[in-house]
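Notes follow the structure.
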Amino acid sequence: MEQVIDIVLLAFMVVTAIAMIRLRNLFAVVMLSGIFSLLSAAMFVVLDAVDVAFTEAAVGAGISTVLMLSTLALTFREERPATRADWPALLVVTVTGAALIYGTLDMPHFGDPDAPIHQHVAPRYIVDSPHEVGPPNMVTSVLASYRGYDTLGETTVIFTAGIGVMVLLAGVNRRRRADRERGNRP
Amino acid sequence: MLETVFGLYNYWIVIILMMAGFYTVIARGNLAKKVIGLNIFQTSMFLMYITMGAVEGGTAPIVATSAEGGATLYTNPLPSVLILTAIVVGVATTALGLALAVRIREAYGTLEEDEIRLLEDRQDTLKTDGGQTVSP
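For the protein sequence lines, the chains are A and B, in the order given. With positions in the first sequence counted from 1, the corresponding number in this note's numbering is that position plus 73. With positions in the second sequence counted from 1, the corresponding number in this note's numbering is that position plus 15.
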C-alpha cells in the first residue's frame, strides 16, 4: 500500500513540475509550486520524516508561496514567449539526467536496512540520544545538540539573507510612489 | 528487473524533477521563473536525502513509550536534520533571489534576460559614444 502511495505521489509531482515549466502565466506557476511543496510534504510523511514534512508544509508551501506572490505583485504576471531555441538546453538536461540515472544503478535499494547510510552515526543517535540528550524525538536531539553548529550556521545564513533583502528592497515603495506621481510608470 | 525498478523508482523520479528544475533555470529567460526552477531542484534534493534515510517497515524516529517489548525499527534521523536546515536555508536564498528580481525589474523595467542584456549593450555603446564624439 505504501509503495502505491509513493508511486502515485511522485508521479503527481512530476506532472506538476512539467506543468510549471510549460505554463507562462506566472500566477498559475506560483500556485502550482505551492501544490508541489504540499505534495512533497505528503511524500515526506510517507517516508517517515514527519519533522521535515511539517517544515516543508509551513515553510515551502506557505512562506515561499507568499514571497513569490509578493514578487509577482511588484513585477509581472506573464512570462514572455521564448525567443531562442530550447533544444541545446533539452540536450544538456537529457545527457545529465541519463548520466545520473546510470549512477543510481549502484545505489542501495529504497528502504534497505543494510544501506551504508544506516551503519555509521545513525545507530548511535537512535540508541543513545533519548538518555544522552533527553527529548524522545531524535531529530530534535540531533538538531539541537549533536549538530547544533549546523543550526547556528543556518541562523547566520538567514540573518545574512534578511539583511540582503532589506538592503535590496530599501526604498522600492517610495520610488514607486514617486514614479507614479510623475506619471512615468502606471 | 522489477525489483530494481521499484527499488530505484524514487531516485529516478528525483532525477527527473532535478532535471526539470535545471531545465527551467537554463532554458527560461524570465528571472522569476528561474527562481521557481531552482526551488523545484531543491525540493528534489530534499526528496533524495529523505529517500536514502527511509527504512522498510520503519517508523518516525520518535521513541515509542508504549512499545510492547521488542526493538522498534526507526528511520534514520540524520537526513531529516540535514534537510530541516536545508529547507530553511532554501527559503532564505529564494527570498534573496526574488528581492534581486524586484530590484532588477525596478532598474530595467523588465525581467526577461535577453531584454536586460540588450539594454545593457545599448547603455554601453551610449557611454562610449558620449565619451568620444558628443560634447554637450
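We treat Cβ as the ideally placed atom computed from N, Cα and C, and that holds for glycine.
In three-state DSSP terms, what is residue i?
| i | result |
| --- | --- |
| T228 (chain A) | helix |
| E130 (chain B) | helix |
| E151 (chain A) | strand |
| N54 (chain B) | helix |
| A84 (chain A) | helix |
Hey, does residue i have any beta-carbon neighbour from chain B nearer than 9 Å?
| i | result |
| --- | --- |
| I108 (chain A) | no |
| M104 (chain A) | no |
| P259 (chain A) | With a pLDDT of only 48 at P259 (chain A), under the threshold of 50, the placement of this residue in the model should not be trusted, and no figure is reported. |
Skipping 5 residues on each side, what residues in its chain have a beta carbon closer than 8 Å to that of residue i?
| i | result |
| --- | --- |
| T109 (chain B) | V50, L53 and N54 |
| V40 (chain B) | K49, G52, L53 and F56 |
Is it true that the CB of residue j sits closer than 9 Å to the CB of residue i?
| i | j | result |
| --- | --- | --- |
| D79 (chain A) | L120 (chain A) | yes |
| F183 (chain A) | G44 (chain B) | no |
| S59 (chain B) | G36 (chain B) | yes |
| N210 (chain A) | I77 (chain B) | yes |
| M141 (chain A) | S113 (chain A) | no |
| P203 (chain A) | S214 (chain A) | yes |
| I28 (chain B) | M93 (chain A) | no |
| T90 (chain B) | A116 (chain B) | no |
| T233 (chain A) | A107 (chain B) | yes |
| V212 (chain A) | L99 (chain B) | yes |
With a threshold of 9 Å between beta carbons, is residue i in contact with chain A?
| i | result |
| --- | --- |
| E135 (chain B) | no |
| R43 (chain B) | yes |
| R2 (chain B) | Residue 2 (chain B) cannot be examined here, being either before or after the span of chain B that is shown, 16 to 151. |
| M67 (chain B) | yes |
| I131 (chain B) | no |
| L32 (chain B) | yes |
| L93 (chain B) | yes |
| L17 (chain B) | no |
Could you tell me which residues DSSP pairs with residue i in its beta bridges?
| i | result |
| --- | --- |
| T74 (chain B) | B:Y89 |
| N45 (chain B) | B:E127 |
| N210 (chain A) | B:I77 |
Give me, in chain order, the residues of the same chain whose beta-carbon lies closer than 7 Å to that of residue i; leave out the 5 immediate sequence neighbours on both sides.
| i | result |
| --- | --- |
| L261 (chain A) | Limits of chain A in this structure are 74 at one end and 259 at the other, which puts residue 261 (chain A) out of reach. |
| G105 (chain B) | Q57 |
| M67 (chain B) | P94 |
For residue i, which residues from the same chain have a beta carbon less than 6 Å from its beta carbon, with the 5 sequence-adjacent residues on both sides left out?
| i | result |
| --- | --- |
| L96 (chain A) | V102 |
| G112 (chain B) | V50 |
Taking 8 Å as the cut-off, does the CB of residue i come closer than this to any heavy atom belonging to the ligand FMN?
| i | result |
| --- | --- |
| M93 (chain A) | With respect to the ligand FMN, the structure shown offers nothing to examine, as it has no ligands at all. |
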